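Asker: Below is one structure. I have some questions about it.
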Ligand code: HEC
Ligand code: HEC
Ligand code: HEC
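In my numbering, the protein residues as written are 7 to 332.
And the structure:
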């Protein structure tokens, strides 16, 4: 028994895969006694709860902060599912345990415990296989706007959501397969609303958080989001009957092609052209306001140029995005 205990201790200390051996309380350590997450637990709510009520102290990836310890391999995590639920119910969030309970009317402690085990401590748990349901982007989220708003996030998270590390300092973690991306749409949205960008969360709250969450999911996490809900938010642009394609072609050659090239290959075709992903008026408005630099008045909505050129850009360079081309 003593020798067995010693081996057990050593194996834990050396971080080797723990043997299935018992300590003096008969508590098993190791793979033979994994926590079982009941199928009723809702991982989607778990991640939202965790992001809003716990991450401020325990960090979004569970690694802990100065206000709360690491939950990776934490004592309560090793105790089993029910003890972890009770611990959260009774004591967390610290200072305000009523905010996350396990009662008839609330499943916060249960769902959050499931998230802590399944996402942060996968080695300690079984029963997480029940698929995490895919996030659904609500129709009021505007992906095109979201891609524009995302500009303020790129510095830390990278243009493709790949994350940015410079000289060993992590500016921002990758947003591909990110923790808060694994839950519900609302969980990601409220995380951005409440905490991003870190120094000034009000810079992207409300509609911005809604739109940016749609961009983060649809552009960087196609496996985590209902593909159809990403589609719905980008209806085809309807070309107005008044647009004159021939006039648009002539204006394009005179005012635009020197920078955007005859085939629109600089920023005016495919996904590179953000303003081409939305409504017709998004593109014509963008041209009206800013193109050609430095004299956008040369091609405005007032003189018809912006409408005609927008029609030309849609019908020639982005026909799959356009509806009603002559
Ligand atoms: C205000 C900061 C704060 C918040 C918010 C918070 N915690 Fe904690 N948590 C702590 C501190 C500090 C400890 C360690 C002290 C203790 O054990 O009570 C802790 C301990 C824990 C433990 C035990 C870890 C171990 O080593 O066994 C768990 C589990 C836990 N928290 C889960 C949660 C959950 C789930 C939430 C959200 C519902 C949450 N916490 C919110 C500060 C916080
Ligand atoms: C100044 C750098 C910076 C900027 C700008 C920034 N972030 Fe972050 N972001 C971070 C850091 C650092 C973390 C990790 C925070 C943590 O661990 O609690 C993070 C975490 C996140 C996460 C959670 C990642 C995960 O693993 O679950 C999301 C989602 C996110 N940011 C989205 C955004 C969005 C959207 C914007 C723009 C509106 C933005 N961020 C702007 C630095 C930044
Ligand atoms: C002097 C060079 C120059 C000329 C001329 C010019 N553009 Fe641009 N255009 C740019 C640059 C650089 C960008 C990218 C920077 C930016 O977004 O402002 C851009 C961006 C754009 C965008 C945004 C693309 C996106 O991803 O949403 C549109 C649309 C656009 N131009 C249309 C036009 C049209 C139409 C004309 C002619 C009426 C025109 N431009 C003339 C340089 C030019």
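For every residue, glycine included, the Cβ atom is placed at its ideal position computed from N, Cα and C. On a predicted model such as this, the values are computed, not experimentally measured, just so you know.
For residue 222, decide whether its Cβ has a neighbour in chain D, counting only Cβ atoms nearer than 9 angstroms.
Answerer: Any reference to chain D falls outside this structure, which holds one protein chain only.
Asker: Pull up the DSSP beta-bridge partners for residue 74, would you.
Answerer: Answer is 71.
Asker: Residue 160: which of 226, 66, 97 and 294 sits nearest, CA to CA?
Answerer: It is 226.
Asker: In angstroms with no decimal places, state the Cα-to-Cα distance between residue 80 and residue 207.
Answerer: The alpha-carbon atoms of residue 80 and residue 207 are separated by roughly 30 angstroms.
Asker: Output the distance between the C-alpha atoms of residue 198 and residue 71, rounded to the nearest integer angstrom.
Answerer: Spanning the two alpha carbons is a distance of roughly 19 angstroms.
Asker: Which complete alpha helix (DSSP H) runs does the segment 101 to 169 hold, if anything under 4 residues is left out?
Answerer: Those alpha helix (DSSP H) runs which fall completely within the segment 101 to 169 and span 4+ residues are 114 to 121, 149 to 155 and 157 to 163.
Asker: In chain order, what residues of the same chain have a beta carbon less than 7 angstroms from the beta carbon of residue 266, not counting five sequence neighbours either side?
Answerer: Only 272, 273 and 274 meet the Cβ criterion.
Asker: Quick check: is any heavy atom of ligand 2 less than 8 angstroms from the C-beta of residue 78?
Answerer: Outside the cutoff, so no.
Asker: Thinking just about the alpha-carbon of each residue, which of 39, 108 and 85 is nearest to the one in residue 52?
Answerer: Checked all of 39, 108 and 85; the closest Cα to residue 52 is 108.
Asker: Excluding the five sequence neighbours on either side, which residues of its own chain have a C-beta within less than 7 angstroms of the C-beta of residue 119, listed in chain order?
Answerer: 87, 90, 91 and 94, listed in sequence order.
Asker: Restricting to Cα atoms, I'd like to know which of 59, 49, 219 and 110 is closest to residue 121.
Answerer: Comparing Cα positions, the closest option is 49.
Asker: Once you ignore the five residues that flank residue 59 on each side, which residues in its own chain have a CB closer than 7 angstroms to its CB?
Answerer: Closer than 7 angstroms at the Cβ level, and outside the excluded window around residue 59, lie 99, 105 and 106.
Asker: Is there contact between the segment 182 to 190 and the segment 252 to 264, where contact requires at least three CB pairs shorter than 8 angstroms?
Answerer: Too few Cβ pairs lie closer than 8 angstroms, so no.
Asker: Please name the residue or residues paired with residue 329 in a DSSP beta bridge.
Answerer: Note: residue 329 sits in a beta bridge opposite 244.
Asker: So which of 54, 42 and 317 has the shortest CA-CA distance to residue 281?
Answerer: Checking every option, the nearest Cα to that of residue 281 belongs to 317.
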